[in-house]
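Peer 1: Protein chains in written order, with the numbering used here: chain E, 2 to 297; chain U, -14 to 285. Yeah, the Cβ is synthetic: ideal placement off N, Cα and C, and Gly gets one too. All of these numbers come straight from a predicted model, not from anything done at the bench.
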Amino acid sequence: MQQMTQLSSLAASKPLSVGSEIKVNNVSKSYGADNFAKEVVHNCSFTIDRGKLTVMIGPSGCGKSTLIRLVAGFERPTSGTITIDDKPVTGPGVDRLVVFQETALFPWMTTYDNIMYGPRARNEDTAEMRGFAETLLQKVGLSAFRKKYPSQLSGGMQRRAELARSMINKPNVMILDEPFRGLDAMTKKLMQEYYANLYNEFRRTTFFVTTDIDEAIYLADRILIMTNIPTRVRAVIDVNLPRPRQVENVVESDEANAIKMQALGLLHEEAMKSFARGSKAAADFIDAYSKRVGKQ
Amino acid sequence: MSETDLTKLPINTLLDRSDQMSSTAVAMHRLSLWLASPRPYLMMIGFGLFLGFWYLSVEVWKLPRFAEMPGLTTVVSEWLSKNPIYGLSIFVDEYYLHIWVSIRRIAIAFFLATAIGVPLGLFLGWSKRFKQFVFPVFELLRPIPPLAWVPLAIVMFHGSETPVIFLTFLASFYATALNTMLGVQSIDISYVRAASCLGAKRWQIFRHIIVPGALPFIFTGLQISVGVAWFSLVAGEMVSGQYGLGYVINTSYTMVRYPTIIIGMVTLGIVGYVTSAMVRVLGDYMMQWRTRELALGGER
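1) What is the DSSP secondary structure of Leu8(E), counted as helix, strand or coil?
2) Check each candidate in Val251(E), Thr206(E), Asn26(E) and Asp213(E) and name the one with the smallest Cα separation from Asn241(E).
3) Classify Ile238(E): buried if its beta carbon has 16 or more other beta carbons within 10 angstroms, exposed otherwise.
4) What three-state label does DSSP hand Gly81(E) in the structure shown?
5) Out of Phe208(E), Glu40(E) and Thr91(E), which one is the CA nearest neighbour of Ile69(E)?
6) Should Tyr26(U) go down as buried or exposed, given a rule of 16 or more other Cβ atoms within 10 Å for buried?
7) Measure the beta-carbon distance from Ala221(E) to Leu106(E) and round it to whole angstroms, keeping in mind my assumption that it falls under 8 Å.
8) Does the Cβ-Cβ distance between Arg205(E) and Gly20(E) come in under 8 Å?
9) Return the chain-ordered list of same chain residues with a C-beta closer than 6 Å to the C-beta of Val99(E), the five sequence neighbours on each side being excluded.
10) Are the beta-carbon atoms of Ile234(U) and Asn164(U) separated by less than 8 Å?
11) Is any beta-carbon of chain U found at less than 8 Å from that of Glu76(E)?
12) Count the C-beta pairs between the segment 115 to 124 of chain E and the segment 200 to 216 of chain U that are closer than 8 Å, then say yes if the count reaches three, no if not.
13) Kindly list, in the order they appear in chain E, the residues whose Cβ is closer than 8 Å to that of Arg187(U).
14) What's the call for Gln153(E), buried or exposed, on a 16-neighbour Cβ count within 10 Å?
15) So, Val251(U) versus Thr161(U), is the Cβ gap smaller than 8 Å?
16) What does the alpha-carbon distance come out to for the pair Asn27(E) and Ala236(E)?
17) Which one of Lys186(U), Phe151(U), Tyr159(U) and Ile195(U) has the shortest CA to CA distance from Ser171(U)?
18) Under 8 Å, do Leu199(E) and Lys140(E) count as touching if we go by C-beta distance?
19) With a CB to CB cut of under 7 Å and the five nearest residues on each side skipped, what residues in its chain are close to Tyr81(U)?
20) Find out if the Cβ-Cβ distance for the pair Asp178(E), Val210(E) is shorter than 8 Å.
21) Arg161(E) to Lys186(U), Cα distance in whole Å?
22) For Pro89(E), write down the residues that DSSP places opposite it in a beta bridge.
23) What three-state label does DSSP hand Met227(E) in the structure shown?
24) Applying a beta-carbon distance threshold of less than 8 Å, which residues of chain E neighbour Leu27(U)?
25) The beta strand (DSSP E) with Lys171(E) in it runs from where to where?
26) In this structure, what does DSSP give as the bridge partners for Thr55(E)?
27) Does the structure place the segment 29 to 41 of chain U close enough to the segment 50 to 58 of chain U that three or more beta carbon pairs sit under 8 Å?
28) Give the range of the beta strand (DSSP E) segment to which His43(E) is assigned.
29) Give me the subset of the segment 110 to 129 of chain E whose CB atoms are less than 7 Å from a CB atom of chain U, sorted by chain position.
30) Looking at C-beta atoms only, is the number of pairs between the segment 81 to 92 of chain E and the segment 254 to 273 of chain E that lie closer than 8 Å three or more?
31) With a cut-off of 8 Å, does the C-beta of Ser66(E) fall near any C-beta of chain U?
32) For the beta strand (DSSP E) holding Asp239(E), just list the boundary residues, first then last.
33) Helix, strand or coil for Lys24(E) per DSSP?
34) Using the Cβ count rule (16 or more neighbours within 10 Å means buried), how would you classify Arg242(U)?
35) Could you check where the beta strand (DSSP E) with Arg97(E) kicks off and where it finishes?
36) Tell me whether Asn36(E) is buried or exposed, calling it buried when 16 or more other Cβ atoms sit within 10 Å of its Cβ.
Next up, the structure:
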């Protein structure tokens, strides 16, 4: 805990808005041709503020990953525009870093080589960068594992190595697509704490996608609640809980609970709508979320 | 839980001790593990059954099907004889000349097939445009068996050496190029996207992602390649050429030296096994990350 408070005091002394501002204007995205086209994103607009952590939450399969690929520049929208600092996105760029759902650590490189890949690819293998790599290795608790290959790390360690690999590039925008999915509950909680600390220290514009409402409230400055497919923003909730946050405090706070009930209500409505349209995913979703609401 | 505790979780058990041991110590350790396991003894029983069946069926039961077949004892005594009746044993220099000539042909053909096949396969997998105009031709030529090339090979190349090497090269080349191409296509798009996110240029992605990512498939291809190289080498040596193990087998047949045929076959088996073991060892050395990945997954 001591280390954590040190981190937070560091964070307090730093400027709080770094990075770029992302604007998504009336974006639609369809797959397939003409009559067979399936619309995944419909007239979606939102803004991701400079230096803030914006969490997007919505039922699984609603088109969140598609939005991620659009913002990352891997795919073009069918209509509408996406701008970063008022410049339109035309392809992937080094200003945006994506942390993928499944680990994308290069299996043929050691932890250290993975982390240093970005600087080396850009010919920036300097003493300063190597020092930063050491700091990051320590912060994510992988100093002893620098020479190990990804397959020799546990799932949680792989995710931390990947966070370090992204952070070292100081991107203007970090995009995380359900980065902690598939981890066990204990590891997931630890990862959230690690990630919150890293964010507190290196505040960058962050676009974080999840299906976990507790994770969203714990991390977010702002939550975007998405509709079911074809997706657009259903509601925007600002989370004004003070940072640094403790998982326990967040769970107990009245404000967090109010946000949670509001968010779950909206998500439930979305699920009901697609349930009426007979979607199997929606039925599972209702089932899962009704149980959770019932527990409160 | 404080942060430093995380590194002391059970994950530490993953830290294997092989890093701190010398390579001879590791080898000795593995050898003793192998001897303590049932594997070497099962292997011996397997060989024993096979050789026992050969011995019994030819020399004891004298089965009519195997009437012309040389017996185990005949072959072994011929093979180990200082004065072989049919002229070939481990004490005759010519025996090693045949082995050497075959290995030399394999080495040249395998080297050429790898040097041309790997880059071709990499580009086939990497560039859609390149694949679109090269791959149809490749796919049309590939099903043609190396033996069908024999007449053309003899017409095209002079002497007896080059046609054999050409035939050996052909079979190897297809296996290597095709597997390399599949290797590139098997690479998860996330690795390419991650690298481009981290600022890698197209050429850097090729060197740092495509080549190492395709390496497991490339080495699978090389294993197949060295196998089929022996296959078409023997075919080539039987048709044209002087010296070589295929030549030994063929001439021994025409000259009715049956034990020598078996000596040639067994020698092919041994030399072929050694060459593919060498490719495997090279692959393990070049892909240590993968060896560890597989080692964690259990016994190979």
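Peer 2: Reading from the atomic positions:
1) With a pLDDT of only 43 at Leu8(E), under 50, the local geometry of the prediction cannot be trusted, and the value read off the model is given with reservation. Helix at Leu8(E).
2) With distances taken between Cα atoms, Asn241(E) lies closest to Val251(E).
3) buried
4) strand
5) Phe208(E)
6) exposed
7) With 8 Å as the limit, Ala221(E) and Leu106(E) do not qualify as a contact, their Cβ atoms being about 26 Å apart.
8) Cβ atoms of Arg205(E) and Gly20(E): closer than 8 Å.
9) Ala73 and Ile176
10) no
11) no
12) no
13) Correct list: empty, because the minimum Cβ distance to chain E is about 11 Å.
14) buried
15) no
16) Near 15 Å, if we compare the C-alpha coordinates of Ala236(E) and Asn27(E).
17) For the residues Lys186(U), Phe151(U), Tyr159(U) and Ile195(U), the minimum Cα distance to Ser171(U) belongs to Ile195(U).
18) yes
19) none
20) yes
21) 25 Å
22) Thr84(E)
23) strand
24) Within chain E, no residue comes near Leu27(U); the closest Cβ sits about 30 Å away, beyond 8 Å.
25) No beta strand (DSSP E) contains Lys171(E), which DSSP labels as neither H nor E.
26) Phe208(E) and Arg223(E)
27) yes
28) Lys39 to Ile49
29) Tyr118, Gly119, Ala122 and Arg123
30) no
31) no
32) Val234 to Asp239
33) Note: Lys24(E) maps to strand in three-state DSSP.
34) buried
35) Arg97 to Val100
36) exposed
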